[in-house]
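Okay, so the sequence shown: first residue is 38 according to our numbering, each after it adds one.
Think of the CB as a built atom: it goes at the ideal place given N, C-alpha and C, for glycine as much as any other residue.
Only one structure is covered here, and it is reproduced in the block below.
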Amino acid sequence: MDPLSLLIILLPGALIGITLGALGGGGSILTIPILVYRLGMNTHTAVTASLVIVGINALFGMVLHYRAGHVKIKKALLFSVYGLIASYFGARISSCLSGPILLVLFGLLMLVIALIMLRPKKPIQKSIWEGKRQSWWMTLLGGLGVGFLTGFLGVGGGFLLVPALVLFLGMTMQDAVGSSLLVIAINSASGLLGHLNSGPLPWLEIILFAAAGLAGLLVGTQMNQKLPAQRLSQIFAVFVLALASVVLSINLPLLLHSFSF
C-alpha cells in the first residue's frame with residue numbers, strides 16, 4: 038500500500054474516532070461515504086465494514102469514558118436490549134436493497150442529522166421524567182429506532198442516543214455520551230450478524246481504519262471534557278451537510294434512472 042492510500046485511510050479514520058469520543062456519535066455517519074467514495078467499496082460491503090469499525094471504536098471509547106466515571110452500564114444495557122432484534126432485522130432488510138437506494142436514504146438521513154445539529158439548543162440538565170415514572174414505551178421506541186438504523190444503514194445512532202439517554206433515562210450529558218458508546222457497540226455487533234452473508238471483507242483496510250479511529254478517540258475524549266459540545270456539534274454538522282449534498286447529487290440521478298422506462 039502506497040503512502041497516499043495509507044493517508045486516505047488513516048485521516049478519515051482518525052476524524053471518525055474524534056467525533057465519536059467528543060460527541061458520543063456522529064462519526065459513523067461519515068464512515069460509509071468514505072468507504073464507498075475514497076476506498077472504492079460497494080455499498081453493502083461498506084455497510085458491513087462500517088459496523089465493524091464503528092463497533093470497535095465505540096467499545097474502546099466506552100472504556101475511556103468508563104474510566105472517567107461517565108458510563109451507566111445498567112441503563113445503557115436496558116436501552117440496547119430493545120435495539121438488538123431491530124438491528125438484526127434492519128440489516129436483513131438492508132441486504133435486499135440496491136446500492137443507490139441505500140445511499141439516497143443515507144444522504145437524506147445525513148441532511149436531517151446536520152439540520153438537527155445546527156439548531157441552537159439549550160443544554161439539557163435533567164430528565165423530563167425526573168420525579169415521574171419513566172416512560173418505558175418511549176425508551177422502547179427509542180431503542181428500537183436506534184437499533185434499526187444501526188443495522189439498516191450501518192450507523193451507530195449516537196446523534197439520537199445521547200438526547201434519548203438524557204431525556205428518558207435521566208443521564209447527564211457526559212454520562213449519556215459515554216453510555217451511548219456501549220449501546221452503539223452492542224447494536225453494531227447485532228447488526229453485523231445480519232450482514233454476515235454480504236461477502237468477504239477487506240480486513241486490512243478495516244483494521245487500519247479502526248486503528249486510526251482508536252487514536253482519534255483519545256483526542257475526542259479529551260475534547261469532550263474541555264470544549265463546548267454545542268460548538269463541536271455545529272462544526273461537525275456543516276461538514277455532514279456538505280457530504281450529504283455530494284452523496285445525494287451522485288445517487289439521486291442513479292436512482293431516478295433505474296426507475297425510468
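For residue i, the three-state DSSP class (helix, strand or coil)
| i | result |
| --- | --- |
| residue 54 | helix |
| residue 288 | helix |
| residue 124 | helix |
| residue 239 | coil |
| residue 75 | coil |
| residue 108 | coil |
| residue 132 | coil |
| residue 207 | coil |
| residue 233 | coil |
Same chain, Cβ closer than 8 angstroms to residue i, neighbours up to 5 away in sequence not counted
| i | result |
| --- | --- |
| residue 169 | In this prediction, residue 169 scores a pLDDT of 45, lower than 50, which makes its location untrustworthy; no coordinate-derived value is stated. |
Opening and closing residue of the alpha helix (DSSP H) in which residue i lies
| i | result |
| --- | --- |
| residue 102 | 80 to 104 |
| residue 212 | 210 to 230 |
| residue 141 | 136 to 155 |
Cut-off 6 angstroms between Cβ atoms - residues of its own chain near residue i, not counting five sequence neighbours on either side
| i | result |
| --- | --- |
| residue 128 | 188, 228, 231 and 232 |
| residue 223 | 117 |
| residue 50 | 246, 249 and 250 |
| residue 161 | With a pLDDT of 48 at residue 161, under the threshold of 50, the modelled position of that residue is not reliable, and the figure given next carries that caveat. Hits under 6 angstroms: 203. |
| residue 177 | 119 |
Closest Cα partner of residue i within the set the options
| i | options | result |
| --- | --- | --- |
| residue 120 | 249, 185 and 287 | 185 |
| residue 46 | 66, 71 and 59 | 71 |
| residue 41 | 75, 212 and 66 | 75 |
| residue 100 | 268, 251, 280 and 140 | 251 |
| residue 242 | 90, 59, 282 and 66 | 90 |
| residue 181 | 278, 272 and 124 | 124 |
| residue 179 | 221, 152 and 145 | 221 |
| residue 146 | 255, 67 and 77 | 67 |
| residue 210 | 238, 134 and 102 | 102 |
| residue 174 | 263, 115 and 290 | 115 |
| residue 20 | 239, 256 and 271 | In the structure displayed, the chain extends from 38 to 298; residue 20 sits before or after that span and is not available. |
| residue 286 | 148, 54, 131 and 130 | 148 |
Cβ neighbour criterion (16 or more within 10 Å) applied to residue i
| i | result |
| --- | --- |
| residue 39 | exposed |
| residue 44 | exposed |
| residue 105 | exposed |
| residue 296 | exposed |
| residue 199 | buried |
| residue 294 | exposed |
| residue 234 | exposed |
| residue 288 | buried |
| residue 163 | Here residue 163 scores only 48 on pLDDT, less than 50, and its place in the model is too uncertain to base an answer on. |
| residue 225 | buried |
| residue 84 | buried |
| residue 281 | buried |
| residue 95 | buried |
| residue 219 | buried |
Contacts around residue i, its chain only, beta-carbon distance under 7 angstroms, and the 5 residues preceding and following it disregarded
| i | result |
| --- | --- |
| residue 143 | 69, 190 and 284 |
| residue 138 | 292 |
| residue 216 | 108, 109, 112, 113, 202 and 208 |
| residue 167 | Any answer about residue 167 is weak, because its pLDDT of 48 lies below 50 and its placement is not dependable; what the coordinates show is given next. Once the five neighbours on either side are set aside, the close Cβ partners of residue 167 are 207. |
| residue 274 | 151, 154 and 155 |
| residue 80 | 73, 136, 139 and 140 |
| residue 97 | 251 and 254 |
| residue 244 | none |
| residue 236 | 82 |
Residue i CB to nearest heavy atom of the ligand COA below 7 angstroms
| i | result |
| --- | --- |
| residue 214 | With respect to small molecules bound, the structure shown includes none, and the ligand COA cannot be examined in it. |
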